Amino acid sequence: MAAGPSTLLDVAREAGVSPSTVSRILNGTARVSDDKRQAVMKAIARTNFAPNLMAQGLKKGRTHTIGIIVQDISSPFFDETLHGVDDGLKGTGYASVIVTGHWSALEEADRIRLLLARKVDGIILLSGNLPDEELLHFATQRPIVVTGRALDAPNALGFTMDNEHGAYLGVQHLIELGHRRIAFVSGPPSHADASSRLRGYRKALEGAGIPVDPALVVEGNFHENSGLIAINHLFETRQEFSAVFAANDQSAYGVRLALYRKGVRVPEDVSLVGFDDLPGSAFTTPPLTTVRQPLYDIGLTAITALLRLISGDRVPTRVPPVELVVRETTLPRQ
Numbered sequence: 128m129a130a131g132p133s134t135l136l137d138v139a140r141e142a143g144v145s146p147s148t149v150s151r152i153l154n155g156t157a158r159v160s161d162d163k164r165q166a167v168m169k170a171i172a173r174t175n176f177a178p179n180l181m182a183q184g185l186k187k188g189r190t191h192t193i194g195i196i197v198q199d200i201s202s203p204f205f206d207e208t209l210h211g212v213d214d215g216l217k218g219t220g221y222a223s224v225i226v227t228g229h230w231s232a233l234e235e236a237d238r239i240r241l242l243l244a245r246k247v248d249g250i251i252l253l254s255g256n257l258p259d260e261e262l263l264h265f266a267t268q269r270p271i272v273v274t275g276r277a278l279d280a281p282n283a284l285g286f287t288m289d290n291e292h293g294a295y296l297g298v299q300h301l302i303e304l305g306h307r308r309i310a311f312v313s314g315p316p317s318h319a320d321a322s323s324r325l326r327g328y329r330k331a332l333e334g335a336g337i338p339v340d341p342a343l344v345v346e347g348n349f350h351e352n353s354g355l356i357a358i359n360h361l362f363e364t365r366q367e368f369s370a371v372f373a374a375n376d377q378s379a380y381g382v383r384l385a386l387y388r389k390g391v392r393v394p395e396d397v398s399l400v401g402f403d404d405l406p407g408s409a410f411t412t413p414p415l416t417t418v419r420q421p422l423y424d425i426g427l428t429a430i431t432a433l434l435r436l437i438s439g440d441r442v443p444t445r446v447p448p449v450e451l452v453v454r455e456t457t458l459p460r461q
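Here the sequence shown stands for residues 128 to 461, numbered as in our numbering.
Printed below as a string of structure tokens:
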């Protein structure tokens, strides 16, 4: 006769832990070492244990699903952040449902309603434009964690990176190399992080006694094409510059291509700094000097904070600070 299905008690015996520890690891509420968590997951595999998550969810009013709203599913920025979220979900028994907000407050609100209708246990909003008041209203129904802004309220947490300081670091690096005519490819003014980076650009110039020339600031859209268009505009208007600070790495890629097409060498003729440190930035030609945002850690921090909110455990959120990564696209001004 075939043996019956394995039980939670079988897993506990195999892993050498208590049944309650196995249960808490499965529902994402356990605070245990990585070694103990791995031992339980290996025991689950050896015993072919299949937890009935639906039954567990019905008992606790949970579905073991997390809603995640990104702004641009094709963006490498969000891709790297989602890697952190995905790793944070491993071994928790939770699955994710990913939808797109397209940087529209109306769409973000619509997607949150959609996720709430699907009875997700919590929601992560990666950046976005939805006002705090609306987020807090939705948080009365399910826990919400949002990135890109500071937020601390019942059932809702938000954290942001210091975009202004990051931009300051990037421009200050160029100033220290002797550059004075520094062009800036900005992001959309409707984005809070873009506005912060513009402030950091201005702060670095003003701190060095360098006048801010509005003709050197070209509005972009955080995509590669805006870097290309910005450089073409600067050449068409006959602006002189020896360096470019791009509001993000994707824009910097477009800047690099535009300069290449015009026969301008990077960094011998023009130095270039980006922002984000996307995975591909270490492999551009030449490798891009940029301001690193810990994108993976942002995702990991967001999912960790949300799972703790779901379990009723509220803890401060901490992510590593931004930092300058000097590679090969900057040189002293010739």
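All C-beta atoms, glycine included, are put in the ideal place defined by N, C-alpha and C. Quantities reported herein were computed from a predicted structural model and do not represent experimental measurements.
Presumed contact (8 Å Cβ cut-off) between residue i and residue j, rounded CB distance
i: residue 196; j: residue 255; result: 7 Å
i: residue 421; j: residue 447; result: 5 Å
i: residue 219; j: residue 433; result: 11 Å between Cβ atoms; not a contact.
i: residue 385; j: residue 358; result: 4 Å
i: residue 424; j: residue 401; result: No, residue 424 and residue 401 are not in contact; Cβ-Cβ is about 19 Å, not under 8 Å.
i: residue 174; j: residue 198; result: At roughly 42 Å, the Cβ-Cβ gap does not stay under 8 Å, so residue 174 and residue 198 are not in contact.
i: residue 348; j: residue 316; result: Between residue 316 and residue 348 the Cβ distance is about 11 Å, and since that is not below 8 Å, they are no contact.
Bounding residues of the beta strand (DSSP E) (the contiguous stretch that carries residue i)
i: residue 284; result: 283-286
i: residue 432; result: Careful: residue 432 lies outside any beta strand (DSSP E), inside the alpha helix (DSSP H) at 422-437.
i: residue 253; result: 249-253
i: residue 452; result: 450-452
i: residue 194; result: 192-197
i: residue 259; result: That residue, residue 259, is in no beta strand (DSSP E); its alpha helix (DSSP H) goes 259-266.
i: residue 460; result: Careful: residue 460 lies outside any beta strand (DSSP E) and carries neither H nor E.
i: residue 397; result: Element bounds for residue 397: n/a, residue is neither H nor E.
i: residue 463; result: With the chain represented from 128 up to 461, any question about residue 463 goes unanswered, as that position is not in the structure.
Straight-line gap, residue i to residue j (C-alpha atoms, nearest Å)
i: residue 282; j: residue 215; result: 20 Å
i: residue 190; j: residue 241; result: 15 Å
i: residue 444; j: residue 426; result: 12 Å
i: residue 133; j: residue 225; result: 32 Å
i: residue 415; j: residue 441; result: 38 Å
i: residue 294; j: residue 243; result: 37 Å
i: residue 248; j: residue 141; result: 30 Å
i: residue 419; j: residue 451; result: 6 Å
i: residue 456; j: residue 417; result: 9 Å
i: residue 345; j: residue 151; result: 52 Å
i: residue 274; j: residue 324; result: 16 Å
i: residue 203; j: residue 278; result: 25 Å
i: residue 236; j: residue 260; result: 12 Å
i: residue 245; j: residue 270; result: 14 Å
i: residue 272; j: residue 221; result: 16 Å
i: residue 353; j: residue 280; result: 37 Å
i: residue 160; j: residue 208; result: 24 Å
Residues of its chain near residue i, where Cβ-Cβ distance is below 6 Å and the 5 sequence neighbours each way are ignored
i: residue 146; result: 135, 136 and 139
i: residue 266; result: 282 and 283
i: residue 176; result: 133 and 138
i: residue 337; result: 307
i: residue 319; result: none
i: residue 181; result: Confidence at residue 181 is low in this model, with a pLDDT of 49, below 50, so its placement is unreliable and no value can be given for it.
Residue interval of the alpha helix (DSSP H) (run including residue i)
i: residue 386; result: 376-388
i: residue 138; result: 135-142
i: residue 159; result: Unbroken run through residue 159: none, as it is neither H nor E.
i: residue 326; result: 319-334
Beta-carbon proximity of residue i to residue j, cut-off 9 Å
i: residue 313; j: residue 374; result: yes
i: residue 398; j: residue 304; result: yes
i: residue 144; j: residue 288; result: no
i: residue 94; j: residue 381; result: In the structure as shown, the chain starts at 128 and stops at 461, and residue 94 therefore has no counterpart that could be examined.
i: residue 302; j: residue 332; result: yes
i: residue 257; j: residue 205; result: no
i: residue 308; j: residue 340; result: yes
i: residue 250; j: residue 430; result: no
i: residue 291; j: residue 238; result: no
i: residue 355; j: residue 394; result: no
i: residue 460; j: residue 369; result: yes
i: residue 411; j: residue 383; result: yes
i: residue 149; j: residue 172; result: no
Residues of its chain near residue i, where Cβ-Cβ distance is below 7 Å and the 5 sequence neighbours each way are ignored
i: residue 342; result: 364 and 366
i: residue 328; result: 294, 298, 311 and 372
i: residue 168; result: 218
i: residue 362; result: 389
i: residue 321; result: 313, 314, 315 and 374
Beta-carbon contacts of residue i that lie in its chain and below 8 Å, excluding the five residues immediately before and after
i: residue 223; result: 192, 193, 194, 195, 212, 213 and 216
i: residue 166; result: 142, 143 and 144
i: residue 453; result: 300 and 416
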